[in-house]
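Student:
There are 2 protein chains.
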Amino acid sequence: MNGAESLLRTLLANGIDLCLMNPGTSEMQFVAALDRVPGMRGVLCLQEGVCSGAADGYARMTGRPAATLLHLGPGLANGLSNFHNARKARSPIVNIVGEHSTQHLRYDAPLTADVEAFARPVSGWVRTLDSAENMGFTASEAVLACYGPPGQVASFIIPADHSWSPAGEPGPVVQPSARPIPPAAHIQAIAARLRTPGAALLLSGTALSERGLTAAARLGVPVFLNRNCGRIPRGAPWSFAHRIPYFPEPAEELLSGIQQIILVEAEAPVSFFGYPNRRSTMAPEDCEFHTLAAQNEDGPAALEALAAGCPSVELPRAAALDLPTAEALTPDTIGAAIAALLPANAILCDEMVSSSEPVQLHLNHAPAHDVLPVTGGSIGQGLPVATGAALACPDRKVIALEADGSGLYTPQALWTMARERLDVTAVIFVNRRYRILDVEMKRTGTTVIGPRADELVDLTRPDIDWRKLGESMGVESVRATSTPEFIQHFRTAMSRPGPFLIEAVLAPE
Amino acid sequence: MNGAESLLRTLLANGIDLCLMNPGTSEMQFVAALDRVPGMRGVLCLQEGVCSGAADGYARMTGRPAATLLHLGPGLANGLSNFHNARKARSPIVNIVGEHSTQHLRYDAPLTADVEAFARPVSGWVRTLDSAENMGFTASEAVLACYGPPGQVASFIIPADHSWSPAGEPGPVVQPSARPIPPAAHIQAIAARLRTPGAALLLSGTALSERGLTAAARLGVPVFLNRNCGRIPRGAPWSFAHRIPYFPEPAEELLSGIQQIILVEAEAPVSFFGYPNRRSTMAPEDCEFHTLAAQNEDGPAALEALAAGCPSVELPRAAALDLPTAEALTPDTIGAAIAALLPANAILCDEMVSSSEPVQLHLNHAPAHDVLPVTGGSIGQGLPVATGAALACPDRKVIALEADGSGLYTPQALWTMARERLDVTAVIFVNRRYRILDVEMKRTGTTVIGPRADELVDLTRPDIDWRKLGESMGVESVRATSTPEFIQHFRTAMSRPGPFLIEAVLAPE
Numbered sequence: 001m002n003g004a005e006s007l008l009r010t011l012l013a014n015g016i017d018l019c020l021m022n023p024g025t026s027e028m029q030f031v032a033a034l035d036r037v038p039g040m041r042g043v044l045c046l047q048e049g050v051c052s053g054a055a056d057g058y059a060r061m062t063g064r065p066a067a068t069l070l071h072l073g074p075g076l077a078n079g080l081s082n083f084h085n086a087r088k089a090r091s092p093i094v095n096i097v098g099e100h101s102t103q104h105l106r107y108d109a110p111l112t113a114d115v116e117a118f119a120r121p122v123s124g125w126v127r128t129l130d131s132a133e134n135m136g137f138t139a140s141e142a143v144l145a146c147y148g149p150p151g152q153v154a155s156f157i158i159p160a161d162h163s164w165s166p167a168g169e170p171g172p173v174v175q176p177s178a179r180p181i182p183p184a185a186h187i188q189a190i191a192a193r194l195r196t197p198g199a200a201l202l203l204s205g206t207a208l209s210e211r212g213l214t215a216a217a218r219l220g221v222p223v224f225l226n227r228n229c230g231r232i233p234r235g236a237p238w239s240f241a242h243r244i245p246y247f248p249e250p251a252e253e254l255l256s257g258i259q260q261i262i263l264v265e266a267e268a269p270v271s272f273f274g275y276p277n278r279r280s281t282m283a284p285e286d287c288e289f290h291t292l293a294a295q296n297e298d299g300p301a302a303l304e305a306l307a308a309g310c311p312s313v314e315l316p317r318a319a320a321l322d323l324p325t326a327e328a329l330t331p332d333t334i335g336a337a338i339a340a341l342l343p344a345n346a347i348l349c350d351e352m353v354s355s356s357e358p359v360q361l362h363l364n365h366a367p368a369h370d371v372l373p374v375t376g377g378s379i380g381q382g383l384p385v386a387t388g389a390a391l392a393c394p395d396r397k398v399i400a401l402e403a404d405g406s407g408l409y410t411p412q413a414l415w416t417m418a419r420e421r422l423d424v425t426a427v428i429f430v431n432r433r434y435r436i437l438d439v440e441m442k443r444t445g446t447t448v449i450g451p452r453a454d455e456l457v458d459l460t461r462p463d464i465d466w467r468k469l470g471e472s473m474g475v476e477s478v479r480a481t482s483t484p485e486f487i488q489h490f491r492t493a494m495s496r497p498g499p500f501l502i503e504a505v506l507a508p509e
Numbered sequence: 001m002n003g004a005e006s007l008l009r010t011l012l013a014n015g016i017d018l019c020l021m022n023p024g025t026s027e028m029q030f031v032a033a034l035d036r037v038p039g040m041r042g043v044l045c046l047q048e049g050v051c052s053g054a055a056d057g058y059a060r061m062t063g064r065p066a067a068t069l070l071h072l073g074p075g076l077a078n079g080l081s082n083f084h085n086a087r088k089a090r091s092p093i094v095n096i097v098g099e100h101s102t103q104h105l106r107y108d109a110p111l112t113a114d115v116e117a118f119a120r121p122v123s124g125w126v127r128t129l130d131s132a133e134n135m136g137f138t139a140s141e142a143v144l145a146c147y148g149p150p151g152q153v154a155s156f157i158i159p160a161d162h163s164w165s166p167a168g169e170p171g172p173v174v175q176p177s178a179r180p181i182p183p184a185a186h187i188q189a190i191a192a193r194l195r196t197p198g199a200a201l202l203l204s205g206t207a208l209s210e211r212g213l214t215a216a217a218r219l220g221v222p223v224f225l226n227r228n229c230g231r232i233p234r235g236a237p238w239s240f241a242h243r244i245p246y247f248p249e250p251a252e253e254l255l256s257g258i259q260q261i262i263l264v265e266a267e268a269p270v271s272f273f274g275y276p277n278r279r280s281t282m283a284p285e286d287c288e289f290h291t292l293a294a295q296n297e298d299g300p301a302a303l304e305a306l307a308a309g310c311p312s313v314e315l316p317r318a319a320a321l322d323l324p325t326a327e328a329l330t331p332d333t334i335g336a337a338i339a340a341l342l343p344a345n346a347i348l349c350d351e352m353v354s355s356s357e358p359v360q361l362h363l364n365h366a367p368a369h370d371v372l373p374v375t376g377g378s379i380g381q382g383l384p385v386a387t388g389a390a391l392a393c394p395d396r397k398v399i400a401l402e403a404d405g406s407g408l409y410t411p412q413a414l415w416t417m418a419r420e421r422l423d424v425t426a427v428i429f430v431n432r433r434y435r436i437l438d439v440e441m442k443r444t445g446t447t448v449i450g451p452r453a454d455e456l457v458d459l460t461r462p463d464i465d466w467r468k469l470g471e472s473m474g475v476e477s478v479r480a481t482s483t484p485e486f487i488q489h490f491r492t493a494m495s496r497p498g499p500f501l502i503e504a505v506l507a508p509e
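For the protein sequence lines, the chains are A and B, in the order given.
Numbering-wise (the UniProt record's numbering), the first sequence opens with residue 1 and increments by one.
Numbering-wise (the UniProt record's numbering), the second sequence opens with residue 1 and increments by one.
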């Protein structure tokens, strides 16, 4: 058994059976071993950001790691921005990176780079394998590390000769550490705080699950949620929980009057960016924070313990919604159409940026679904995360709500959707502009956007043809320029499986 | 004057008038300042790898830096792989990265990351600005640093508040350090070595220029060149200089009998990858190496001094070449067609990977041109480097020789070519496979490529439609499936300016 085979067997023994891959020469042993060791699904991605984003989406939906296989420092580099998002989503991932063979590393060959240095900013665990014999054991360590809690990226760097050399037995099956439940006395103390006026809950991490939210609903206090959490149950049953807004002014308004916030796997809320003459924190200045459960603890269990004496509550169910009748296609009409046509148990990957709020308002009335939002603010996650979510949940409809700006960072995900016949409907919100930057430019003190600045925010000259872009990667693609057209196309997409792209050309504002 | 304006004025005073940009909120002050401070050409790229690759291409052609403007850690992360190539090309670049405002940095906001850590593996100089007042001075330091010699990436990280706050005067105009010329005694010693049997020259860096090669030709010894140098003069006049082959076997054959290699801004040649049971060095084991000029020295001047007593030689000129007559479209017929139709003084960006050798053989007979090859082996540089070369040299025809695998890493460069009306002809060699990996898989010990491994090398299911992909980004695109078709399309492309894409579907091997 060579090292690559030992690695593969270790991953499989530990339940990792999906590998998002963009391999090169130094990873060829692993690729070759796929035919000798059955059970690993190798999914090819044409750019590494698709690998890392898809592994993130898979982890968000399953709580379990997929593996990524990347080629040396530069291949890893292309995956870093979506690993940044995975880090903020607390997603477990085993990130395997090939390295030059040990005898070759002393030379400054073209691809020689400091792979560990590339990996560190996004990884909770980084290790370069020291010998083929230690392959199995170190791979098991990587698996254990990625689970945390909380989940993290474990980057395992493997010199090529350790893959092709004889190795020992596969590594052991590891038992991830359980998330501790806070002690009863601590929960009682928090319960007392919750009974004081102006108390509220803020949920993130695994607390932001159906179980956590169901318990939170029983507590009779306002429930807020971290909008940048990896996975958020949304729709009518969960609409009682308020997403903290993106901009500080509406966030401050929402939180005004709150005197104590109980944090459940969450941190005190801060704005996305800092602005001139404005503080970064968004709760009232005299608000107190108390932690019910830390990021590594079992938030849902803590919430259930906290709610032990409270009666259960009936959560609202989605009613039938009317389709929008306005002709002009806007984020509002798209949101209304999606909410009305949404199948049960859908997964929505949201990278709409400036179009997000009006759509999410409608989705508050839709059937229960999961939202996979932006976590680390690294643009280009929407289509890759949708790819991973669809690999994780083949029986659920995945809808990627994508902007025409952010969608252009990693459009190669469309090809993997086509190859794997993933059930993803990509809705591209086309406003031909980095619209959010118009807003942000003004917020940082620019009153007039001049013609030269405008060029750096404008996505026309030439317009991007998303229908052709989707078709170029093998995805059936259509264009909607009115609300009725959008409704027709979205209905088609919901009626059958497989990848589908709708270029939704928004009416001028 | 705020910090952003001071930065802009400092760059302009130092002759930096091109900025490849993918800005976000923290860089909006710089964008806004473009309308107040004339002279900077801001070029929008839709993914950061296009920014870094284009800055590399610009530097390779001009020897001068462009600036890049990227958004925080994740934006920088997307640019890293092409910065890796720039580092190996010794390209000077001033890489400006926005950072959260200093008061915001203490919070773990979504985009918070260790920006310096992301920058370090690819940068020769990294600095986070400490105050708005020091903006101008530190920007001048960045400019000085990027010149080296040799050239390098200088990463200048700027917290947003230092851009929006009042700043002092712009920084000084800096004088890059001159490359020293090796002392006369050293050159005489090398001259003596050159007269011994089995001596040869190996050129890289700035020595691999028309001036350096002209001097080298007079020395009457074999001249070799580093195939991964940033810019290589090629074509009939320079065909006497031999590119060291990619694979070790032909490299060893080419270098057999060589007893002394004189290095001019070069290092001893090593293979791209290490392989089982094979050494990494490619010269004969008893070959001696002596350095005429180190990477920071003036190679062309050293070569001219070395050749002082030698007669000048007549360099061959390109003869008229026949067009290929075979029907089937292959790298050989494409190479023959390009060589026959190549305009004077063209720039060829070569990322063909497995198709490169047969094309380059024909180009040895073509008119003089510059080749911008793969330097760091980071895939996805071809189209971005071509973008930068076209921005640097608007009067020269740029031809991007791109593979269908490597072209898919950063296809967003096509949009910038369209927007800026750059004179780039992209030839996509379509073999629907990571062909090089077939070869590399066998070299690392795999005799049979099984069906599951095959899926990770195969680019069909679905086929990528490059014509639609090019059109989706606004580039006129055509498909050639035979040699006559290719000739017709390539002739069209050479006859008029502006971006053009030819999807060259190769005949099955």
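C-beta: ideal position from N, C-alpha, C; glycine also.
Using a Cβ-Cβ cut-off of 8 Å (strictly less than) and excluding sequence neighbours within five positions of L34 of chain A, which residues of its own chain qualify?
Tutor: Taking the first sequence and counting its residues from 1, the one referred to as residue 34 of chain A is at position 34. Hits under 8 Å: L8, M40 and G42.
Student: Is it true that the CB of V371 of chain A sits closer than 8 Å to the CB of D350 of chain A?
Tutor: Locating residue 350 of chain A in the first sequence gives position 350, counting from the first residue. Locating residue 371 of chain A in the first sequence gives position 371, counting from the first residue. Taking 8 Å as the Cβ cut-off, D350 of chain A and V371 of chain A qualify as a contacting pair.
Student: I want to see whether chain D comes within less than 8 Å of T444 of chain A, judged by CB atoms only; does it?
Tutor: No chain D appears in the structure shown, which is made up of the protein chains A and B.
Student: According to DSSP, is E27 of chain B part of a helix, a strand, or is it coil?
Tutor: Here the question's residue 27 of chain B lines up with position 27 in the second sequence. Correct three-state label for E27 of chain B: helix.
Student: Take the Cβ of A178 of chain B as the centre, count every other Cβ of all protein chains shown within 10 Å, and call the residue buried at 16 or more, exposed below.
Tutor: Within the second sequence, the letter at position 178 stands for residue 178 of chain B. Looking at its Cβ environment, which holds fewer than 16 other Cβ atoms inside 10 Å, A178 of chain B is exposed.
Student: What is the residue span of the beta strand (DSSP E) that R41 of chain B lies within?
Tutor: Against the second sequence, residue 41 of chain B aligns to sequence position 41. Note, R41 of chain B: beta strand (DSSP E), R41 to L44.
Student: Does the beta-carbon distance from S482 of chain B to L329 of chain B come in below 8 Å?
Tutor: Counting from 1 along the second sequence, the entry for residue 482 of chain B is found at position 482. Counting from 1 along the second sequence, the entry for residue 329 of chain B is found at position 329. Yes, they are a contact pair.
Student: Please classify N82 of chain A: does DSSP put it in a helix, a strand, or coil?
Tutor: Taking the first residue of the first sequence as 1, we reach residue 82 of chain A at position 82. Note: N82 of chain A maps to helix in three-state DSSP.
Student: Between S123 of chain A and N95 of chain A, which are expected to be in contact by the criterion C-beta below 8 Å, what is the C-beta distance as a whole number of angstroms?
Tutor: Counting from 1 along the first sequence, the entry for residue 123 of chain A is found at position 123. Counting from 1 along the first sequence, the entry for residue 95 of chain A is found at position 95. 7 Å between Cβ atoms; contact.
Student: Tell me, which residues are paired with E48 of chain B by DSSP?
Tutor: Residue numbering aside, residue 48 of chain B sits at position 48 when the second sequence is read from its first letter. The partner list for E48 of chain B (beta bridge, DSSP) is empty, contrary to what the question assumes.
Student: For my contact list, G57 of chain A and D114 of chain A are in at a C-beta cut-off of 8 Å; report their separation, rounded to the angstrom.
Tutor: As a position in the first sequence, residue 57 of chain A is number 57, starting the count at 1. As a position in the first sequence, residue 114 of chain A is number 114, starting the count at 1. Between D114 of chain A and G57 of chain A the Cβ distance is about 29 Å, and since that is not below 8 Å, they are no contact.
Student: Grouping DSSP H, G and I as helix and E and B as strand, with all else coil, what is M494 of chain B?
Tutor: Locating residue 494 of chain B in the second sequence gives position 494, where the first residue counts as 1. In the structure shown, M494 of chain B sits in a helix (DSSP, three-state: H, G or I).
Student: Taking only runs of the alpha helix (DSSP H) that begin and end inside the region 174-238 of chain B, which ones reach a length of at least 4 residues, in chain order?
Tutor: Counting only runs of 4 or more, we get 184-194 and 210-217.
Student: How would you label R496 of chain B, buried or exposed, when you count the other beta carbons within 10 angstroms and need 16 or more for buried?
Tutor: In the second sequence, residue 496 of chain B corresponds to position 496, counting from 1. Under this definition R496 of chain B is an exposed residue.
Student: Kindly say whether V270 of chain A, judged by its beta-carbon, lies nearer than 8 Å to any beta-carbon of chain B.
Tutor: The count along the first sequence starts at 1 and reaches residue 270 of chain A at position 270. At least one chain B Cβ lies under 8 Å of V270 of chain A.
Student: Does Y409 of chain A have its Cβ less than 8 Å from a Cβ in chain B?
Tutor: Along the first sequence, one-based indexing puts residue 409 of chain A at 409. Yes - at least one Cβ of chain B is within 8 Å of the one on Y409 of chain A.
Student: So does the region 48-62 of chain A actually touch the region 79-95 of chain A, counting three or more Cβ pairs closer than 8 Å?
Tutor: Verdict: yes, contact present.
Student: Which residues share a DSSP beta bridge with T425 of chain B?
Tutor: What you label residue 425 of chain B is simply residue 425 of the second sequence in a count that begins at 1. Paired residue(s): B:I399 and B:F500.
Student: What residue range is occupied by the uninterrupted alpha helix (DSSP H) comprising L8 of chain A?
Tutor: Position 8 of the first sequence holds residue 8 of chain A. Unbroken alpha helix (DSSP H) run through L8 of chain A: G3 to A13.
Student: Residues of the region 99-128 of chain B in Cβ contact with chain A at a cutoff of 7 Å, in chain order, please.
Tutor: The region 99-128 of chain B vs chain A, Cβ under 7 Å: H100, S101, Q103, H104, Y107, D108, A109, P110, L111, A113, D114, A117, F118, R120 and P121.
Student: Interface residues of chain B around L74 of chain A at Cβ under 9 Å?
Tutor: Reading the first sequence from its first residue, position 74 is the one you call residue 74 of chain A. Rather than Leu, the amino acid found at residue 74 of chain A in this sequence is Pro. Those within 9 Å of P74 of chain A in chain B are L80, S81, N82, H84, N85, G376, G377, S378, I379 and G380.
Student: Within this structure, are the beta carbons of Q29 of chain A and G274 of chain B separated by less than 8 Å?
Tutor: What you label residue 29 of chain A is simply residue 29 of the first sequence in a count that begins at 1. What you label residue 274 of chain B is simply residue 274 of the second sequence in a count that begins at 1. No, the Cβ-Cβ distance between Q29 of chain A and G274 of chain B is not below 8 Å.
Student: According to the neighbour-count rule (16 or more other Cβ atoms, all chains shown, within 10 Å of its Cβ), is T325 of chain B buried or exposed?
Tutor: For the purposes of this step, residue 325 of chain B is taken as the residue at position 325 of the second sequence. It counts as exposed.
Student: Along chain A, which residues have their Cβ under 8 Å away from the Cβ of Q29 of chain B?
Tutor: Locating residue 29 of chain B in the second sequence gives position 29, counting from the first residue. Neighbours of Q29 of chain B on chain A, chain order: T444, G445 and T446.
Student: With 9 Å as the limit, tell me which residues of the region 464-477 of chain B have their beta carbon closer than that to any beta carbon of chain A; keep them in chain order.
Tutor: Those would be I464, D465, W466, R467, K468, L469, G470, E471, S472, M473, G474 and V475, in chain order.
Student: Any Cβ of chain B within less than 8 Å of the Cβ of F224 of chain A?
Tutor: By one-based count along the first sequence, residue 224 of chain A stands at place 224. Judged by the 8 Å Cβ criterion, F224 of chain A is not in contact with chain B.
Student: Please report the straight-line C-alpha distance between C48 of chain B and A413 of chain B, rounded to a whole angstrom.
Tutor: Translated into positions along the second sequence, residue 48 of chain B becomes position 48. Translated into positions along the second sequence, residue 413 of chain B becomes position 413. The question names Cys, but residue 48 of chain B is Glu in the sequence shown. About 10 Å.
Student: Compare the C-alpha of L315 of chain A against each of A:E288, A:E471 and A:P367 and name the closest.
Tutor: Locating residue 315 of chain A in the first sequence gives position 315, counting from the first residue. Closest option to L315 of chain A, Cα to Cα, is A:P367.
Student: What does a CB cutoff of less than 7 Å around F490 of chain B pick up in its chain, not counting 5 residues either side in sequence?
Tutor: Here residue 490 of chain B refers to the residue found at position 490 of the second sequence. Excluding residues within five positions, the ones whose Cβ falls inside 7 Å are A337, I338, L341 and I502.
Student: Which two residues bound the contiguous beta strand (DSSP E) that contains E288 of chain A?
Tutor: Taking the first residue of the first sequence as position 1, residue 288 of chain A is located at position 288. From DSSP, the beta strand (DSSP E) with E288 of chain A extends over E288 to A293.
Student: With a threshold of 8 Å, are at least 3 pairs of Cβ atoms found where one atom belongs to the region 379-390 of chain B and the other to the region 429-444 of chain B?
Tutor: Segments in contact, no.
Student: At 4 residues or longer, what runs of the alpha helix (DSSP H) sit wholly inside the region 62-111 of chain A?
Tutor: Runs found: 72-89.
Student: Whether or not the region 297-307 of chain B and the region 452-463 of chain B are in contact is what I'm after, with contact meaning three or more pairs of Cβ atoms, one per stretch, closer than 8 Å; do they touch?
Tutor: No contact exists between the region 452-463 of chain B and the region 297-307 of chain B.
Student: Flag E440 of chain B as yes if its beta-carbon sits less than 8 Å from any beta-carbon of chain A, otherwise no.
Tutor: Numbered from its first residue, the second sequence carries residue 440 of chain B at position 440. Chain A, which has a Cβ nearer than 8 Å to the Cβ of E440 of chain B, makes this yes.
Student: Using C-beta distances below 7 Å, list every residue in its chain close to S256 of chain A, excluding the 5 sequence neighbours before and after it, in chain order.
Tutor: In the first sequence, residue 256 of chain A corresponds to position 256, counting from 1. Same-chain partners within the cutoff: P284.
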